[in-house]
Amino acid sequence: MHKFKELFGHKPIIAMVHLEALPGTPLYQGSMEAIVERARRDLQILQEAGVSAVMFGNENDRPYELSVNPASVAAMAYVVGRLREEIRVPFGVNVLWDPMASMALAAATGAGFVREVFTGLYGSDMGLWAGRAAEALRYRRLLGRDDLFLLYNVSAEFASPLDSRSLVERARSAVFSSLADAVLVSGPMTGEGARLEHLREVKAALPTIPVLANTGVRHETVADVLEVADGAIVGTALKREGHTWNEVDPERVQQFMAIVRRARGS
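For the sequence shown, the numbering used here begins at 1 and goes up steadily by one.
So, in C-alpha coordinates, the structure goes:
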(Lines of atoms letter the chains of each structure in order from A; the text may use other names.)
(Lines give C-alpha, C1' and ligand atoms only; values in the text may rest on other atoms or scores of the structure.)
Protein backbone atom coordinates (compact mmCIF):
# COMPACT_ATOMS: atom_id res chain seq x y z
CA MET A 1 0.00 0.00 0.00
CA HIS A 2 2.92 2.37 0.71
CA LYS A 3 4.22 2.14 -2.86
CA PHE A 4 0.70 2.68 -4.20
CA LYS A 5 0.17 5.86 -2.16
CA GLU A 6 3.64 7.10 -2.99
CA LEU A 7 2.89 6.73 -6.71
CA PHE A 8 -0.75 7.82 -6.85
CA GLY A 9 -1.66 9.60 -3.61
CA HIS A 10 -4.89 9.19 -1.63
CA LYS A 11 -7.93 7.66 -3.38
CA PRO A 12 -6.52 8.30 -6.87
CA ILE A 13 -8.43 8.84 -10.07
CA ILE A 14 -6.46 7.32 -12.93
CA ALA A 15 -7.89 8.85 -16.10
CA MET A 16 -7.78 7.14 -19.47
CA VAL A 17 -6.24 8.67 -22.56
CA HIS A 18 -8.00 6.48 -25.10
CA LEU A 19 -6.04 6.59 -28.35
CA GLU A 20 -7.80 6.60 -31.68
CA ALA A 21 -7.53 3.38 -33.69
CA LEU A 22 -3.90 2.68 -34.58
CA PRO A 23 -2.28 1.67 -37.90
CA GLY A 24 -3.11 -1.85 -39.01
CA THR A 25 -6.42 -2.01 -37.14
CA PRO A 26 -9.85 -1.99 -38.85
CA LEU A 27 -10.91 1.47 -37.60
CA TYR A 28 -7.65 3.33 -38.34
CA GLN A 29 -8.38 6.64 -40.09
CA GLY A 30 -4.98 7.11 -41.73
CA SER A 31 -3.35 9.89 -39.71
CA MET A 32 -0.87 9.39 -36.87
CA GLU A 33 -0.71 13.16 -36.43
CA ALA A 34 -4.45 13.27 -35.73
CA ILE A 35 -4.00 10.54 -33.10
CA VAL A 36 -1.25 12.54 -31.39
CA GLU A 37 -3.28 15.76 -31.38
CA ARG A 38 -6.40 14.09 -29.99
CA ALA A 39 -4.32 12.47 -27.23
CA ARG A 40 -2.58 15.79 -26.51
CA ARG A 41 -5.90 17.59 -26.09
CA ASP A 42 -7.32 14.91 -23.80
CA LEU A 43 -4.12 14.82 -21.74
CA GLN A 44 -4.10 18.59 -21.22
CA ILE A 45 -7.73 18.67 -20.10
CA LEU A 46 -7.29 15.77 -17.68
CA GLN A 47 -4.18 17.23 -16.10
CA GLU A 48 -5.71 20.68 -15.73
CA ALA A 49 -8.67 19.12 -13.91
CA GLY A 50 -6.37 17.54 -11.33
CA VAL A 51 -6.53 13.81 -12.04
CA SER A 52 -4.03 11.72 -10.07
CA ALA A 53 -2.53 9.88 -13.04
CA VAL A 54 -3.22 9.05 -16.68
CA MET A 55 -3.11 5.79 -18.59
CA PHE A 56 -2.65 5.45 -22.33
CA GLY A 57 -4.68 2.64 -23.88
CA ASN A 58 -5.57 1.36 -27.34
CA GLU A 59 -9.28 0.89 -26.59
CA ASN A 60 -10.24 1.67 -30.19
CA ASP A 61 -8.16 -1.14 -31.70
CA ARG A 62 -11.26 -3.26 -32.05
CA PRO A 63 -11.63 -6.23 -32.47
CA TYR A 64 -9.09 -6.80 -29.70
CA GLU A 65 -6.13 -9.17 -29.95
CA LEU A 66 -4.52 -11.41 -27.35
CA SER A 67 -1.17 -11.20 -29.17
CA VAL A 68 -0.90 -7.64 -30.42
CA ASN A 69 0.52 -6.66 -33.79
CA PRO A 70 3.91 -4.93 -33.36
CA ALA A 71 2.57 -1.95 -35.33
CA SER A 72 0.20 -1.13 -32.46
CA VAL A 73 2.97 -1.15 -29.88
CA ALA A 74 5.22 0.96 -32.09
CA ALA A 75 2.43 3.47 -32.73
CA MET A 76 1.61 3.76 -29.02
CA ALA A 77 5.30 4.31 -28.22
CA TYR A 78 5.39 7.03 -30.86
CA VAL A 79 2.36 8.82 -29.41
CA VAL A 80 3.57 8.66 -25.81
CA GLY A 81 7.05 9.72 -26.92
CA ARG A 82 5.61 12.78 -28.68
CA LEU A 83 3.73 13.75 -25.49
CA ARG A 84 6.33 12.68 -22.93
CA GLU A 85 7.54 16.20 -22.05
CA GLU A 86 3.95 17.36 -21.52
CA ILE A 87 3.01 14.65 -18.99
CA ARG A 88 3.02 16.14 -15.47
CA VAL A 89 1.42 13.28 -13.53
CA PRO A 90 2.31 9.59 -13.13
CA PHE A 91 1.41 7.69 -16.27
CA GLY A 92 0.84 4.10 -17.25
CA VAL A 93 0.08 2.03 -20.33
CA ASN A 94 -2.24 -0.80 -21.31
CA VAL A 95 -1.96 -2.63 -24.62
CA LEU A 96 -5.18 -4.61 -24.95
CA TRP A 97 -4.88 -7.52 -24.23
CA ASP A 98 -1.21 -8.41 -24.35
CA PRO A 99 0.82 -8.34 -21.09
CA MET A 100 4.14 -8.75 -22.90
CA ALA A 101 3.40 -5.83 -25.22
CA SER A 102 2.33 -3.71 -22.25
CA MET A 103 5.60 -4.47 -20.45
CA ALA A 104 7.65 -3.61 -23.54
CA LEU A 105 5.77 -0.34 -24.05
CA ALA A 106 6.22 0.63 -20.41
CA ALA A 107 9.95 -0.01 -20.61
CA ALA A 108 10.29 2.01 -23.82
CA THR A 109 8.31 5.02 -22.59
CA GLY A 110 9.28 5.13 -18.91
CA ALA A 111 5.74 4.45 -17.71
CA GLY A 112 5.28 3.92 -13.98
CA PHE A 113 2.54 1.31 -14.12
CA VAL A 114 0.79 -1.24 -16.31
CA ARG A 115 -2.78 -2.53 -16.28
CA GLU A 116 -3.48 -5.98 -17.71
CA VAL A 117 -5.29 -9.28 -17.30
CA PHE A 118 -2.31 -11.23 -16.00
CA THR A 119 -4.10 -14.20 -14.42
CA GLY A 120 -7.01 -16.53 -14.97
CA LEU A 121 -8.64 -18.43 -17.80
CA TYR A 122 -11.60 -16.93 -19.66
CA GLY A 123 -13.97 -17.63 -22.48
CA SER A 124 -14.07 -14.30 -24.29
CA ASP A 125 -14.93 -12.38 -27.44
CA MET A 126 -11.31 -13.03 -28.44
CA GLY A 127 -11.56 -16.78 -27.85
CA LEU A 128 -9.86 -18.72 -25.07
CA TRP A 129 -7.98 -16.18 -22.95
CA ALA A 130 -5.23 -17.34 -20.58
CA GLY A 131 -3.24 -15.17 -18.16
CA ARG A 132 0.52 -14.85 -18.61
CA ALA A 133 1.72 -13.54 -15.23
CA ALA A 134 4.74 -15.83 -14.96
CA GLU A 135 5.99 -14.88 -18.42
CA ALA A 136 5.21 -11.17 -17.96
CA LEU A 137 6.98 -10.81 -14.61
CA ARG A 138 10.07 -12.57 -15.92
CA TYR A 139 10.00 -10.18 -18.88
CA ARG A 140 9.75 -7.24 -16.47
CA ARG A 141 12.94 -8.48 -14.79
CA LEU A 142 14.65 -8.92 -18.18
CA LEU A 143 13.72 -5.34 -19.11
CA GLY A 144 15.16 -4.01 -15.87
CA ARG A 145 11.83 -2.61 -14.68
CA ASP A 146 11.26 -4.29 -11.31
CA ASP A 147 9.92 -0.89 -10.19
CA LEU A 148 6.99 -1.13 -12.62
CA PHE A 149 3.72 -1.17 -10.63
CA LEU A 150 1.30 -3.84 -11.89
CA LEU A 151 -2.48 -3.49 -11.77
CA TYR A 152 -4.13 -6.91 -12.14
CA ASN A 153 -7.62 -6.97 -13.63
CA VAL A 154 -9.17 -10.06 -12.03
CA SER A 155 -12.61 -9.80 -13.65
CA ALA A 156 -11.84 -9.36 -17.32
CA GLU A 157 -14.20 -7.41 -19.54
CA PHE A 158 -15.78 -9.06 -22.60
CA ALA A 159 -15.29 -12.44 -20.94
CA SER A 160 -16.44 -14.99 -18.36
CA PRO A 161 -14.05 -16.91 -16.11
CA LEU A 162 -13.71 -20.62 -16.80
CA ASP A 163 -12.99 -21.11 -13.12
CA SER A 164 -15.25 -22.33 -10.33
CA ARG A 165 -13.53 -20.13 -7.75
CA SER A 166 -15.22 -16.96 -6.57
CA LEU A 167 -14.02 -13.48 -7.50
CA VAL A 168 -12.59 -13.10 -3.99
CA GLU A 169 -10.67 -16.35 -4.27
CA ARG A 170 -9.26 -15.35 -7.65
CA ALA A 171 -8.25 -11.94 -6.30
CA ARG A 172 -6.48 -13.43 -3.26
CA SER A 173 -4.70 -15.93 -5.47
CA ALA A 174 -3.54 -13.20 -7.88
CA VAL A 175 -1.79 -11.51 -4.96
CA PHE A 176 -0.43 -14.66 -3.31
CA SER A 177 0.78 -16.68 -6.29
CA SER A 178 1.08 -14.10 -9.07
CA LEU A 179 2.45 -11.09 -7.14
CA ALA A 180 -0.18 -8.50 -8.00
CA ASP A 181 0.67 -5.01 -6.74
CA ALA A 182 -2.98 -3.97 -6.94
CA VAL A 183 -6.25 -5.63 -7.86
CA LEU A 184 -8.87 -4.22 -10.25
CA VAL A 185 -12.55 -5.15 -10.23
CA SER A 186 -14.44 -4.61 -13.48
CA GLY A 187 -17.90 -4.63 -14.94
CA PRO A 188 -18.79 -6.79 -17.95
CA MET A 189 -17.35 -4.33 -20.51
CA THR A 190 -15.80 -0.90 -20.97
CA GLY A 191 -18.05 1.81 -19.53
CA GLU A 192 -20.10 -0.56 -17.37
CA GLY A 193 -19.49 -0.44 -13.63
CA ALA A 194 -18.31 -3.11 -11.25
CA ARG A 195 -20.87 -4.09 -8.63
CA LEU A 196 -20.28 -2.28 -5.36
CA GLU A 197 -20.72 -5.49 -3.38
CA HIS A 198 -17.93 -7.10 -5.43
CA LEU A 199 -15.60 -4.23 -4.59
CA ARG A 200 -16.54 -4.48 -0.94
CA GLU A 201 -15.95 -8.25 -0.81
CA VAL A 202 -12.56 -8.07 -2.53
CA LYS A 203 -11.40 -5.18 -0.34
CA ALA A 204 -12.46 -7.02 2.81
CA ALA A 205 -10.41 -10.01 1.68
CA LEU A 206 -7.36 -7.87 0.78
CA PRO A 207 -7.21 -5.13 3.41
CA THR A 208 -3.52 -4.34 2.84
CA ILE A 209 -3.58 -4.50 -0.99
CA PRO A 210 -4.89 -1.64 -3.16
CA VAL A 211 -8.27 -2.51 -4.71
CA LEU A 212 -9.61 -0.24 -7.46
CA ALA A 213 -12.77 0.01 -9.53
CA ASN A 214 -11.69 -0.54 -13.11
CA THR A 215 -14.71 0.30 -15.28
CA GLY A 216 -17.90 2.31 -15.42
CA VAL A 217 -17.34 4.73 -12.52
CA ARG A 218 -19.58 7.75 -13.12
CA HIS A 219 -20.43 11.08 -11.52
CA GLU A 220 -23.36 9.60 -9.63
CA THR A 221 -21.39 6.58 -8.33
CA VAL A 222 -17.83 7.77 -7.68
CA ALA A 223 -18.45 8.93 -4.09
CA ASP A 224 -19.89 5.53 -3.15
CA VAL A 225 -17.06 3.72 -4.97
CA LEU A 226 -14.37 5.70 -3.13
CA GLU A 227 -15.95 4.83 0.22
CA VAL A 228 -15.13 1.19 -0.53
CA ALA A 229 -12.25 1.13 -3.02
CA ASP A 230 -8.77 2.63 -2.83
CA GLY A 231 -9.22 4.44 -6.15
CA ALA A 232 -10.72 4.21 -9.61
CA ILE A 233 -9.78 4.08 -13.27
CA VAL A 234 -12.10 6.34 -15.27
CA GLY A 235 -12.58 6.86 -18.99
CA THR A 236 -16.12 6.91 -20.34
CA ALA A 237 -17.60 9.23 -17.68
CA LEU A 238 -15.15 11.96 -18.66
CA LYS A 239 -16.06 11.93 -22.35
CA ARG A 240 -18.50 14.18 -24.17
CA GLU A 241 -22.05 12.91 -23.52
CA GLY A 242 -20.53 10.09 -21.44
CA HIS A 243 -19.75 8.10 -24.59
CA THR A 244 -16.56 6.02 -24.65
CA TRP A 245 -15.38 6.96 -28.13
CA ASN A 246 -15.89 10.73 -27.82
CA GLU A 247 -13.22 13.22 -26.81
CA VAL A 248 -12.70 14.21 -23.18
CA ASP A 249 -15.18 16.90 -22.06
CA PRO A 250 -13.57 19.64 -19.90
CA GLU A 251 -16.79 20.41 -18.05
CA ARG A 252 -17.51 16.75 -17.25
CA VAL A 253 -13.97 16.26 -15.94
CA GLN A 254 -14.15 19.35 -13.72
CA GLN A 255 -17.51 18.25 -12.33
CA PHE A 256 -16.24 14.72 -11.72
CA MET A 257 -13.11 15.86 -9.90
CA ALA A 258 -15.14 18.26 -7.74
CA ILE A 259 -17.19 15.27 -6.54
CA VAL A 260 -13.98 13.31 -5.94
CA ARG A 261 -12.46 16.10 -3.83
CA ARG A 262 -15.59 16.24 -1.67
CA ALA A 263 -15.57 12.44 -1.29
CA ARG A 264 -11.91 12.44 -0.25
CA GLY A 265 -12.58 15.13 2.30
CA SER A 266 -15.41 13.19 3.90
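Note that beta-carbon positions come from the ideal geometry of N, C-alpha and C, so glycine has one too.
{"Check": "Identify every residue that forms a DSSP beta bridge with G231.", "Outcome": "L212"}
{"Check": "So, does the segment 79 to 92 touch the segment 43 to 52, judging by three or more C-beta pairs under 8 Å?", "Outcome": "yes"}
{"Check": "Can you list, in chain order, the residues of its chain whose CB lies under 6 Å from that of M225, leaving out five sequence neighbours each side?", "Outcome": "Checking the displayed sequence, the identity of residue 225 turns out to be Val instead of Met. These residues qualify, in order along the chain: A213, V217, A232."}
{"Check": "To the nearest angstrom, report how far apart A171 and L43 are at their CA atoms.", "Outcome": "31 Å"}
{"Check": "State yes or no: is the C-beta of L105 within less than 8 Å of the C-beta of G57?", "Outcome": "no"}
{"Check": "Could you give the distance in angstroms between the alpha-carbon of G30 and the alpha-carbon of L148?", "Outcome": "33 Å"}
{"Check": "Between the alpha carbons of Y139 and L206, how many angstroms are there, rounded?", "Outcome": "26 Å"}
{"Check": "Going residue by residue through the segment 26 to 91, where are the continuous alpha helix (DSSP H) segments of at least 4 residues, counting only ones entirely within it?", "Outcome": "32 to 49, 70 to 83"}
{"Check": "DSSP three-state call for R140: helix, strand or coil?", "Outcome": "helix"}
{"Check": "Would you mind working out which of Y122, E59, E85, V168 sits nearest T109, comparing C-alpha positions?", "Outcome": "E85"}
{"Check": "For V222 versus F176, is the C-beta distance shorter than 8 Å?", "Outcome": "no"}
{"Check": "Along the chain, which unbroken stretches of the beta strand (DSSP E) at least 3 residues long are found entirely within the segment 141 to 172?", "Outcome": "149 to 153, 159 to 161"}
{"Check": "Express the C-alpha separation of A133 and L142 in angstroms, rounding to a whole number.", "Outcome": "14 Å"}
{"Check": "Would you kindly work out how many angstroms separate the C-alpha atoms of P161 and P63, rounded to a whole number?", "Outcome": "20 Å"}
{"Check": "When the Cα atoms are used, what is the spatial distance from F136 to T119?", "Outcome": "Before going further, note that residue 136 is Ala rather than Phe in the sequence given. If you take the alpha carbons of A136 and T119, they lie about 10 Å apart."}
{"Check": "Output the distance between the C-alpha atoms of L199 and L22, rounded to the nearest integer angstrom.", "Outcome": "33 Å"}
{"Check": "What's the gap between the Cα of G144 and the Cα of V260?", "Outcome": "35 Å"}
{"Check": "Excluding the 5 residues flanking R240 on each side, which residues of the same chain have their C-beta closer than 8 Å to its C-beta?", "Outcome": "N246, E247, V248, D249, R252"}
{"Check": "Whose C-alpha, out of A229, H10, L150, is nearest the C-alpha of G112?", "Outcome": "L150"}
{"Check": "Does the Cβ-Cβ distance between N94 and M126 come in under 8 Å?", "Outcome": "no"}
{"Check": "Which partner residues does W129 have in the DSSP bridge list?", "Outcome": "Y122"}
{"Check": "Check each candidate in E157, V211, L83 and name the one with the smallest Cα separation from T190.", "Outcome": "E157"}
{"Check": "Identify whether A182 lies in helix, strand or coil by the three-state DSSP scheme.", "Outcome": "strand"}
{"Check": "Run through DSSP, which three-state label would E116 get?", "Outcome": "strand"}
{"Check": "Can you check whether the CB of L83 is closer than 8 Å to the CB of A39?", "Outcome": "yes"}
{"Check": "Quick check: the Cα distance between H18 and Q254, rounded to an integer number of angstroms?", "Outcome": "18 Å"}
{"Check": "Roughly how many angstroms separate the alpha carbons of I13 and P26, rounded to a whole number?", "Outcome": "31 Å"}
{"Check": "Do Y152 and L184 have their CB atoms nearer than 8 Å?", "Outcome": "yes"}
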